[in-house]
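A.B. asks: Okay, handing you the structure first.
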Amino acid sequence: MKKFYVLLMGIALTFTACANNKETSKTITVGATPVPHAEILEFVKPLLEKEGYTLNIQVFNDYVIPNMAVFNGEIDANFFQHSPYLEQFNKDKNTDLIKTVSVHLEPIGIYSTKLTSIYELSNGSSIAIPNDPTNSNRALEVLQDANIIKLNSKKEIKTKLDIIENPKNIEIVEIEAPQLPRTISDFDLSVINTNFAIVAKLNPLKDALFLESKESPYANIVVVKKGNENKENIKALNKVLNSEEVRKFIREKYQGAIIEAF
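Quick note on the working numbering: the sequence shown kicks off at 7 and runs consecutively.
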């Protein structure tokens with residue numbers, strides 16, 4: 007009986023040790039889209055090492071999977087989205103993901119391989135925009151800022167149905183955001199998120215015919231599952247991503263195409 011008790015105590019101690027090791031893990035796994043998010047995370051790896059953490063970066067070419075991976079506990083955090091997208095995602099998927107810090111803004115831009123100016127648009131031209139609700143709304147607002155269309159100002163999240171003036175009878179086509187650079191030649195104009203534009207070798211400052219205002223609320227953020235925001239590894243991640251080293255890196259590497267948001 008005594009031997010059996012000792013055995014049980016040994017098993018209990020083993021499980022306790024495993025649980026403690028998991029809680030005090032020095033590895034942070036973060037999901038990110040390739041550019042610029044994964045590039046910024048690669049830059050902060052040595053900064054996190056100084057804080058005693060190893061950064062594991064998982065790259066996604068998708069907006070849904072990295073959020074579900076955080077929600078399901080498969081990764082600690084993700085870095086690819088802005089707050090309006092997160093809010094809509096939580097509503098649609100019944101998740102409880104939250105923002106920790108803002109890192110940078112990627113101005114969404116209007117691009118073309120057919121036109122050299124937005125003023126060259128002719129009657130019946132076609133424009134491609136992202137198909138997810140928040141980026142679709144954002145793209146429509148950029149088209150309004152460019153005086154191509156006018157939207158119903160009473161709607162918070164706008165869709166094509168909220169276009170109240172379309173003087174050139176523009177056809178608006180919704181496409182998955184990652185596919186926009188690949189289909190750019192199929193349309194007269196395409197409204198493309200900067201992270202996908204850069205991957206496609208499009209320089210927002212040189213190639214965009216029109217860029218979103220720097221006053222945009224769409225800053226890219228770090229996201230975790232609610233309840234994990236005060237964990238030490240997340241605090242360390244937030245600290246390095248809002249550091250002066252990262253501010254300098256963003257300014258020097260992206261030359262204004264991406265702007266720090268802290």
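Glycine included, every Cβ here is placed at the ideal spot set by N, Cα and C.
Am I right that Ile124 and Ile154 are in contact with their C-beta atoms under 8 Å? What's the rounded C-beta distance?
C.D. replies: With a Cβ gap of about 7 Å, Ile124 and Ile154 count as contacting.
A.B. asks: In whole angstroms, what separates the C-alpha of Val107 from that of Lys231?
C.D. replies: Distance between the alpha carbons of Val107 and Lys231 is about 13 Å.
A.B. asks: Compare the Cα-Cα distances from Ser249 to each of Ser131, Val109, Asn78 and Pro139 and report the closest residue.
C.D. replies: The shortest C-alpha separation from Ser249 is found at Val109.
A.B. asks: With the cut-off set at 9 Å, would you say Leu149 and Ile133 are in Cβ contact?
C.D. replies: Against a cut-off of 9 Å, the Cβ pair of Ile133 and Leu149 comes out as a contact.
A.B. asks: Mind checking which residues open and close the beta strand (DSSP E) that includes Pro136?
C.D. replies: Segment Ser132 to Pro136, the beta strand (DSSP E) holding Pro136.
A.B. asks: At the level of alpha carbons, what is the spacing between Leu54 and Lys99?
C.D. replies: Each residue's alpha carbon lies about 32 Å from the other.
A.B. asks: Apart from the five residues on each side of it in sequence, which residues of its chain come closer than 8 Å, Cβ to Cβ, to Leu157?
C.D. replies: If we look at Leu157 and ignore the five residues flanking it on each side, its Cβ neighbours are Leu146, Glu147, Gln150, Lys164, Asp168, Ile169 and Ile170.
A.B. asks: Please list the terminal residues of the continuous beta strand (DSSP E) segment that includes Asn248.
C.D. replies: Where Asn248 is concerned, there is no enclosing beta strand (DSSP E), given that its DSSP letter is neither H nor E.
A.B. asks: Express the C-alpha separation of Phe85 and Asp102 in angstroms, rounding to a whole number.
C.D. replies: One C-alpha to the other measures close to 16 Å.
A.B. asks: Going by alpha carbons, who is nearest to Asn234 out of Lys220, Lys160 and Asn78?
C.D. replies: Closest by alpha carbon: Asn78.
A.B. asks: For Ile116 versus Phe216, is the C-beta spacing smaller than 9 Å?
C.D. replies: Yes. Within cutoff.
A.B. asks: According to DSSP, which residues form a beta bridge with Thr33?
C.D. replies: Thr60.
A.B. asks: Which residue spans inside the region 106 to 164 form an unbroken beta strand (DSSP E) run of at least 3?
C.D. replies: Listed in chain order, the complete beta strand (DSSP E) runs (minimum 3 residues) inside the region 106 to 164 are 115 to 117 and 132 to 136.
A.B. asks: Suppose you measure from the CA of Gln64 to the CA of Val229; what does that come to, to the nearest Å?
C.D. replies: Taking the straight line joining both Cα atoms gives about 14 Å.
A.B. asks: In angstroms, rounded to a whole number, what distance separates the CA positions of Leu243 and Ser196?
C.D. replies: Cα to Cα, Leu243 sits roughly 34 Å from Ser196.
A.B. asks: How should Thr39 be labelled, buried or exposed, when 16 other C-beta atoms within 10 angstroms of its C-beta is the threshold for buried?
C.D. replies: Buried is the call here.
A.B. asks: Thinking C-alpha only, which one of Thr35, Val36 and Ile46 is nearest Val252?
C.D. replies: Of the listed residues, the one whose Cα sits closest to Val252 is Ile46.
A.B. asks: What do you reckon, are the CB atoms on Asn239 and Glu112 nearer than 9 Å?
C.D. replies: For Asn239 and Glu112, no; Cβs fall outside 9 Å.
A.B. asks: Please identify the residue among Ile198, Phe49 and Leu208 whose C-alpha is closest to the C-alpha of Glu258.
C.D. replies: The residue with the shortest Cα to Cα distance from Glu258 is Phe49.
A.B. asks: CB-CB under 8 Å to Ile34, same chain, minus the five flanking residues each way: which ones, in chain order?
C.D. replies: So the qualifying residues of the chain are Leu54, Tyr59, Thr60, Leu61, Asn62, Asp82, Ala83, Asn239, Ile240, Ala242 and Leu243.
A.B. asks: Is it buried or exposed for Ser219, if we count other Cβ within 10 angstroms and need 16 for buried?
C.D. replies: The residue in question, Ser219, is exposed, as its Cβ has fewer than 16 Cβ neighbours within 10 Å.
A.B. asks: In angstroms, rounded to a whole number, what distance separates the CA positions of Glu57 and Lys105?
C.D. replies: Their Cα atoms are separated by approximately 22 Å.
A.B. asks: Is the distance from the Cβ of Tyr260 to the Cβ of Ala183 below 9 Å?
C.D. replies: No, the Cβ-Cβ distance between Tyr260 and Ala183 is not below 9 Å.
A.B. asks: Can the beta-carbon of Leu211 be found less than 9 Å from the beta-carbon of Ile198?
C.D. replies: Against a cut-off of 9 Å, the Cβ pair of Ile198 and Leu211 comes out as no contact.
A.B. asks: When you compare only the Cα positions, how much space is there between Ala269 and Lys97?
C.D. replies: Limits of the chain in this structure are 7 at one end and 268 at the other, which puts residue 269 out of reach.
A.B. asks: Are Ser118 and Ile190 closer than 9 Å when you measure CB to CB?
C.D. replies: Cβ distance < 9 Å, so Ser118 and Ile190 count as in contact.
A.B. asks: Starting from the C-beta of Ala214, find all residues in its chain whose C-beta is less than 7 Å away, skip the five residues before and the five after it, and write them out in chain order.
C.D. replies: Around Ala214: Gly115, Ile116 and Tyr117.
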